[in-house]
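Notes follow the structure.
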Amino acid sequence: MASRKAPARTRVVKRKSTASRKRIPRRKSERGLLPAEAPLALTDDALASLVAEVEKAGGRVSGAYRDPLSGSPLVLAHLPLSAVEPTPFQRELSPTHTKRLAQKIEEAGVFLDPIITVRSPEGGFWSPNGRHRLAAARVLGLRAITALVSVDEKLAYRILALNTEKAHNLRDRSLEVIRMAREVASANGRTKESDYTAEFESPAFLTLGILYEKLSRFAGGAYHPMLRKVDRFDPVPTLRASLRQREGWAARLEAIDAGVSGIVKALQARGFKSPYLRTFVVARTNPVRWIKLKKGETKPPMPLGEALTRMARAVKEFRVESVKERDLALVAAVAVEETP
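When the sequence shown is numbered by this note's numbering, its final residue is 340 and no position is left out of the sequence of numbers.
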């Protein structure tokens, strides 16, 4: 009788876990403060004027420490609500979100999160990123609010870049940036756009912000891809001069959009009912649609002024009768793929 062969051993291939495949790379060398270096005495010279400002506003200071990354001083204070206002360039307050937040805080029975504040130019304090918590505190009838007060007043302009947990939509972000730019320009006439690249984040936000101020329902998302390729921060004139130039660009883009609206109506009259009609027309008339920037490339394929001139001409020469149903189907497919 033939001997039986032992069954072949199955080789088990170990797969990397999802967590290991998606592991975020860490900095090799550690930096920042040690725990023992963080506490800061209230008698420190760097805090004297800030502590005095808190007490002048009717507040009280509980302690102080150094930021673990930068080492800059921060004061933990309790401020009267009347002494704190949101920065004037923040996005609009949402009454619905404020009521919901106040309700949840009431249910929890505690108001745990301190707001971030800096000194206001007019006296008192500005909160650059706690607008809804501040409003919720007022709804709840609180007398005071706990705050981390920074000696760095420029933090009021840099805080926008840290708002990544709850992303702003294009309209909100653009409005915040243009309001911030106007505030900076009025406070310092010699500053330039290029001095605030981190705070403004994208030059397109400045241009679109001007349009959103005038037209709250402007279809900025349709034009944003084009602006990202050709709009750049201006390193030469003052911020005030740059904003005047952007007013002109915004006016030209508004005129272009009026032409696009006319084309959309003409397409609808021909029986086209796609929700992507405007996106389609803007894409067809975008002069840099097929130009792909290389990674790290900062020079625009053409100046913004030239791009607007070409786009206005393309809108004027647009042939509605040449549009086919399949053209719109392609745009719809691309739009769905690009939706986050």
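From the three backbone atoms N, C-alpha and C, an ideal C-beta is built for every residue, glycine too.
Per DSSP, the bridge partner or partners of L76: Walking along the sequence shown from the start, residue 76 turns up at place 76. Beta bridge pairing from DSSP links L76 with G63 and L148.
Which of helix, strand or coil DSSP assigns to T117: In the sequence shown, residue 117 corresponds to position 117, counting from 1. In the three-state DSSP reduction, T117 falls in the strand class (E or B).
Unbroken alpha helix (DSSP H) run spanning V184, endpoints: Residue numbering aside, residue 184 sits at position 184 when the sequence shown is read from its first letter. Note, V184: alpha helix (DSSP H), L170 to A187.
Bounding residues of the beta strand (DSSP E) (the contiguous stretch that carries E85): Position 85 of the sequence shown, counted from the start, is the residue given in the question as residue 85. Per DSSP, E85 belongs to the beta strand (DSSP E) from V84 to P86.
For P275, the nearest candidate out of E325, M226, F200 and L34 (CA to CA): What you label residue 275 is simply residue 275 of the sequence shown in a count that begins at 1. Of E325, M226, F200 and L34, the smallest CA-CA separation from P275 is found for E325.
Cβ neighbours of R278 in the same chain (closer than 7 Å, five flanking residues each side left out): Along the sequence shown, read from residue 1 onward, the residue named residue 278 stands at position 278. Excluding five sequence positions before and after R278, the CB atoms of its chain that fall closer than 7 Å to its own CB belong to A219, A222, V260 and V264, given in chain order.
Inter-residue CB distance, G59 and A83 (contact presumed, cutoff 8 Å): In the sequence shown, counting from the first residue as 1, residue 59 sits at position 59. In the sequence shown, counting from the first residue as 1, residue 83 sits at position 83. The beta-carbon distance between G59 and A83, rounded to whole angstroms, is 7 Å. This is short enough to meet the 8 Å contact definition.
Residue closest to P63, alpha-carbon to alpha-carbon, out of L69, G71 and H78: Translated into positions along the sequence shown, residue 63 becomes position 63. Strictly speaking, residue 63 in this sequence is Gly, with Pro absent from that position. For the residues L69, G71 and H78, the minimum Cα distance to G63 belongs to H78.
Buried/exposed call for A147, threshold 16 Cβ in 10 Å: Start at 1 with the first residue of the sequence shown, and residue 147 comes out as number 147. Under this definition A147 is a buried residue.
Euclidean distance between Cα positions of Y65 and I116: One-based indexing of the sequence shown puts residue 65 at position 65. One-based indexing of the sequence shown puts residue 116 at position 116. As the crow flies, the alpha-carbon of Y65 is around 14 Å from that of I116.
Euclidean distance between Cα positions of L170 and Y212: On the sequence shown, residue 170 is found 170 positions in, with the first residue counted as 1. On the sequence shown, residue 212 is found 212 positions in, with the first residue counted as 1. Straight-line spacing of the CA atoms in L170 and Y212 works out to 10 Å.
Which residues DSSP lists as bridging W126, in chain order: Along the sequence shown, one-based indexing puts residue 126 at 126. DSSP lists E85 and V118 as partners of W126.
Three-state class that DSSP yields for P275 in the structure shown: On the sequence shown, residue 275 is found 275 positions in, with the first residue counted as 1. Coil, per DSSP.
Candidates R23, E107 and F125: closest to S150 by CA position: Taking the first residue of the sequence shown as position 1, residue 150 is located at position 150. Of the listed residues, the one whose Cα sits closest to S150 is F125.
Neighbourhood of F233 by C-beta distance below 6 Å, restricted to the same chain and skipping five residues each side: Mapped onto the sequence shown, residue 233 falls at position 233. Contacts found: E193, S194, T197 and P203.
Helix, strand or coil at P39 according to DSSP, with G and I counted as helix: Your numbering for residue 39 matches position 39 in the sequence shown. Strand.
Extent of the continuous alpha helix (DSSP H) run through P95: Residue mapping note: residue 95 aligns to position 95 of the sequence shown, counting from 1. From DSSP, the alpha helix (DSSP H) with P95 extends over P95 to A108.
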